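Protein chains: 2
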Amino acid sequence: MTQPHFKGFNGMSRIDLDLAKQSCAGCPIRHRAVCATCEPDELDQLEAMKSYGTWSAGETIVLEGEKLPFVASVVFGCATLTRSLEDGRVQMLGLLLPSDFLGRPGRGTAPYEVVAATDLTLCMFERDAFERLIEDTPHLALRLLEMSLDELDAARDWMLLLGRKTAREKVATFLAYVLKRASTAHGPLRADLPLSRGDMASYLGLTIETVSRQMTALKREGIIDLEGKRGLLCPDMAALLIEAGDDDDGAVIA
Amino acid sequence: MTQPHFKGFNGMSRIDLDLAKQSCAGCPIRHRAVCATCEPDELDQLEAMKSYGTWSAGETIVLEGEKLPFVASVVFGCATLTRSLEDGRVQMLGLLLPSDFLGRPGRGTAPYEVVAATDLTLCMFERDAFERLIEDTPHLALRLLEMSLDELDAARDWMLLLGRKTAREKVATFLAYVLKRASTAHGPLRADLPLSRGDMASYLGLTIETVSRQMTALKREGIIDLEGKRGLLCPDMAALLIEAGDDDDGAVIA
DNA sequence: CGCACCATTGACGTGGTTCAACCTTGGTGG
DNA sequence: CCACCAAGGTTGAACCACGTCAATGGTGCG
Numbered sequence: 000m001t002q003p004h005f006k007g008f009n010g011m012s013r014i015d016l017d018l019a020k021q022s023c024a025g026c027p028i029r030h031r032a033v034c035a036t037c038e039p040d041e042l043d044q045l046e047a048m049k050s051y052g053t054w055s056a057g058e059t060i061v062l063e064g065e066k067l068p069f070v071a072s073v074v075f076g077c078a079t080l081t082r083s084l085e086d087g088r089v090q091m092l093g094l095l096l097p098s099d100f101l102g103r104p105g106r107g108t109a110p111y112e113v114v115a116a117t118d119l120t121l122c123m124f125e126r127d128a129f130e131r132l133i134e135d136t137p138h139l140a141l142r143l144l145e146m147s148l149d150e151l152d153a154a155r156d157w158m159l160l161l162g163r164k165t166a167r168e169k170v171a172t173f174l175a176y177v178l179k180r181a182s183t184a185h186g187p188l189r190a191d192l193p194l195s196r197g198d199m200a201s202y203l204g205l206t207i208e209t210v211s212r213q214m215t216a217l218k219r220e221g222i223i224d225l226e227g228k229r230g231l232l233c234p235d236m237a238a239l240l241i242e243a244g245d246d247d248d249g250a251v252i253a
Numbered sequence: 000m001t002q003p004h005f006k007g008f009n010g011m012s013r014i015d016l017d018l019a020k021q022s023c024a025g026c027p028i029r030h031r032a033v034c035a036t037c038e039p040d041e042l043d044q045l046e047a048m049k050s051y052g053t054w055s056a057g058e059t060i061v062l063e064g065e066k067l068p069f070v071a072s073v074v075f076g077c078a079t080l081t082r083s084l085e086d087g088r089v090q091m092l093g094l095l096l097p098s099d100f101l102g103r104p105g106r107g108t109a110p111y112e113v114v115a116a117t118d119l120t121l122c123m124f125e126r127d128a129f130e131r132l133i134e135d136t137p138h139l140a141l142r143l144l145e146m147s148l149d150e151l152d153a154a155r156d157w158m159l160l161l162g163r164k165t166a167r168e169k170v171a172t173f174l175a176y177v178l179k180r181a182s183t184a185h186g187p188l189r190a191d192l193p194l195s196r197g198d199m200a201s202y203l204g205l206t207i208e209t210v211s212r213q214m215t216a217l218k219r220e221g222i223i224d225l226e227g228k229r230g231l232l233c234p235d236m237a238a239l240l241i242e243a244g245d246d247d248d249g250a251v252i253a
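Residue numbers (numbering that gives the first Met the number 0), protein chains in the order written: chain A, 0 to 253; chain B, 0 to 253.
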């Protein structure tokens with residue numbers, strides 16, 4: 000995977016990143032990440048602690064059970080969280096997209112593997128320092144609580160999908176989610192898939208073959224259209240949402 | 000269900016409850032619940048706010064999408080969190096056992112249905128007051144964060160089960176979990192199942208019939224033994240854990 | 001060109017669901 | 001005291017959605 004770089008989830012290019020490195024003020028995730036509700040003085044403290052790290056698509060950030068000496072916000076790109084059974088079966092547990100938070104205060108090791116799905120930039124904080132900071136910064140602790148609870152809701156939505164949805168519904172749900180996160184206002188409903196077929200299968204609790212077949216079926220029926228391997232078009236979002244099987248509007252998910 | 004009352008997860012009887020009503024000091028979940036890390040003065044504030052509520056097995060506490068005007072800790076009993084698709088398919092998202100927390104600050108409506116699986120006692124706090132309290136009580140906010148992150152880990156473990164485990168592994172994993180939560184030190188590995196077959200099926204993403212068949216198979220093979228419908232014995236925990244398919248010791252789950 | 005990688009497609013097998021009958025248990029009322 | 005009933009649980013037989021295995025088709029890169 001050589002730089003599809005998945006711009007679908009945010010409009011920023013690599014060039015803007017250099018700005019972000021200078022100051023939190025210009026950071027693209029300033030108002031959505033863990034720091035969103037920080038006061039200026041609190042932000043100064045975070046700014047003094049932060050450092051940036053980049054990974055290429057496919058690189059592993061931490062292995063399951065390994066030490067993770069930092070916590071971080073995703074600035075650009077997409078990372079996957081996965082957990083495995085001994086015999087090699089793999090389940091993706093979550094996607095980290097820009098503004099999402101990686102790591103948990105109070106625990107030094109990762110309970111899942113974290114891999115960069117696309118080229119990735121993290122805004123990192125050394126764990127111990129961060130833990131000390133949240134003890135004195137109610138804003139930060141409450142923001143982190145809020146984000147954790149959102150993630151919990153997302154994980155639970157995903158449990159419904161994994162436990163009860165059919166293959167077709169699973170694939171449609173994922174595609175609807177991607178389109179939703181990618182669309183700015185009322186664009187033409189186009190997105191780049193952030194994940195390979197294999198990663199999608201891992202996310203949805205399916206095999207690659209089943210994902211591929213369902214994609215083909217949805218395309219054949221005119222519910223979606225595909226441009227190459229990663230391009231996704233949807234002429235009729237309502238139809239896709241019906242296939243996804245949700246009563247609500249697909250808000251669901253991560 | 001007329002009072003099996005499921006004592007498996009804690010040794011307390013209904014009589015002790017009256018003690019708990021008097022003072023937090025004698026509360027059976029004092030050191031595990033959201034209040035675990037509170038200082039005496041903080042505890043006083045909580046104590047002034049709290050009230051107890053009880054539900055009988057099978058009663059609904061909130062419907063999906065309805066207002067939940069309080070947050071609460073489970074004192075006795077067991078509640079289930081479920082979410083449904085329009086056509087009636089149901090997935091359980093979590094179990095609430097004594098010391099677990101119900102509700103989230105910052106949101107008035109429940110994203111899932113909450114039902115008392117057994118007779119249930121909650122220690123409740125009016126939502127608005129509780130939200131105000133956590134803003135001023137770092138201990139409480141951090142404890143809630145810690146508990147939320149634990150729940151998130153549990154939800155993610157469950158995703159692995161739902162997405163990748165076989166029916167036999169799912170059932171074995173659940174039984175191992177129940178035995179683990181029930182056992183005090185190194186008892187004879189006996190427990191009462193907190194859930195009916197139907198609830199187990201809902202939890203595991205299976206049908207009642209499949210759960211029943213797997214239980215019968217595990218019993219036939221001597222891995223477990225059953226006393227009536229709810230009694231569970233395990234002569235060889237190691238064997239059960241092998242069937243559960245985890246590499247680790249089954250720490251996993253809620 | 002040719003290899004490597006990912007995706008697609010087909011043929012086939014199977015684990016789990018579905019549908020239906022039956023059993024067990026506890027409660028109720030004659 | 002027992003007949004009856006309702007609810008939960010078990011068991012069996014048939015089906016099918018999805019997994020498995022294997023071959024084929026792009027696409028980009030050395």
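Glycine included, every Cβ here is placed at the ideal spot set by N, Cα and C. Treat the numbers as computed from the prediction; the structure is a model and nothing was measured.
Residue-level contact to chain B via CB, residue i, 7 Å cutoff
{"i": "A154/A", "result": "yes"}
{"i": "S195/A", "result": "no"}
{"i": "S147/A", "result": "yes"}
{"i": "G102/A", "result": "no"}
{"i": "L96/A", "result": "no"}
{"i": "M199/A", "result": "no"}
{"i": "A166/A", "result": "no"}
{"i": "L84/A", "result": "yes"}
{"i": "P68/A", "result": "no"}
{"i": "L62/A", "result": "no"}
{"i": "K6/A", "result": "Annotation note: pLDDT 35 at K6/A (below 50); position unreliable, no value reported."}
{"i": "A171/A", "result": "no"}
Close Cβ partners of residue i (< 8 Å) along its chain, the five nearest in sequence each way excluded
{"i": "A140/B", "result": "I133 and E134"}
{"i": "L138/B", "result": "For clarity, residue 138/B is His in the given sequence; the question names Leu instead. Answer for H138/B: T36, C37, E38 and E41, listed in chain order."}
{"i": "D198/A", "result": "T79, M91 and A116"}
{"i": "L95/B", "result": "V73, C77, A78, T79, L80, L101 and V113"}
{"i": "G107/B", "result": "K66, L67, P68 and R126"}
Residue i versus residue j: straight-line alpha-carbon distance, rounded
{"i": "P97/A", "j": "Y51/A", "result": "14 Å"}
{"i": "Y202/A", "j": "L148/B", "result": "21 Å"}
{"i": "G57/A", "j": "E63/A", "result": "16 Å"}
{"i": "E130/A", "j": "C122/A", "result": "16 Å"}
{"i": "G162/A", "j": "R189/A", "result": "29 Å"}
{"i": "D152/B", "j": "G105/A", "result": "13 Å"}
{"i": "G102/B", "j": "A154/B", "result": "16 Å"}
{"i": "A200/A", "j": "T206/A", "result": "5 Å"}
{"i": "T209/A", "j": "G25/A", "result": "43 Å"}
{"i": "P234/B", "j": "L217/B", "result": "12 Å"}
{"i": "R142/A", "j": "A175/B", "result": "35 Å"}
{"i": "T136/B", "j": "Q44/B", "result": "10 Å"}
{"i": "A166/B", "j": "E168/A", "result": "21 Å"}
{"i": "I222/B", "j": "A171/B", "result": "9 Å"}
{"i": "D86/B", "j": "A32/B", "result": "36 Å"}
{"i": "K49/B", "j": "A237/A", "result": "46 Å"}
{"i": "P68/A", "j": "L160/B", "result": "28 Å"}
{"i": "T53/B", "j": "A128/B", "result": "21 Å"}
{"i": "L84/B", "j": "F124/A", "result": "40 Å"}
{"i": "P193/A", "j": "I60/A", "result": "18 Å"}
Chain A within 7 Å of residue i, Cβ atoms only
{"i": "S50/B", "result": "no"}
{"i": "E38/B", "result": "no"}
{"i": "Q90/B", "result": "yes"}
{"i": "A190/B", "result": "no"}
{"i": "G107/B", "result": "no"}
{"i": "G262/B", "result": "One cannot answer for residue 262/B here, as it falls past the ends of chain B, which runs 0 to 253."}
{"i": "G204/B", "result": "yes"}
Cβ neighbour criterion (16 or more within 10 Å) applied to residue i
{"i": "T120/B", "result": "buried"}
{"i": "I241/B", "result": "exposed"}
{"i": "E145/B", "result": "buried"}
{"i": "A243/B", "result": "buried"}
{"i": "R219/A", "result": "exposed"}
{"i": "A47/A", "result": "exposed"}
Residues near residue i in its chain [Cβ-Cβ closer than 7 Å; skip 5 each side]
{"i": "I28/B", "result": "S72, V74, P97 and S98"}
{"i": "Y304/B", "result": "Coverage of chain B is limited to positions 0 through 253, which leaves residue 304/B absent and any answer about it impossible."}
{"i": "M11/A", "result": "Only weak support is given to the placement of M11/A: the predicted model assigns it a pLDDT of 42, under 50, and the question is left unresolved by the model."}
{"i": "E226/B", "result": "L232"}
Cutoff 6 Å; reference residue i; Cβ partners in own chain excluding five residues on either side
{"i": "D118/B", "result": "H4, S55, A56 and G76"}
Output the residue ranges of the beta strand (DSSP E) runs that lie fully inside the region 12-86 of chain B and measure 3 residues or longer, sorted by chain position.
50-54, 59-61, 69-75 and 78-83
Segments of 4+ residues assigned as alpha helix (DSSP H) that fall wholly inside the region 94-160 of chain B:
126-135
Which full runs of the alpha helix (DSSP H) of 4+ residues lie inside the region 164-236 of chain B, going along the chain?
166-181, 196-203 and 207-219
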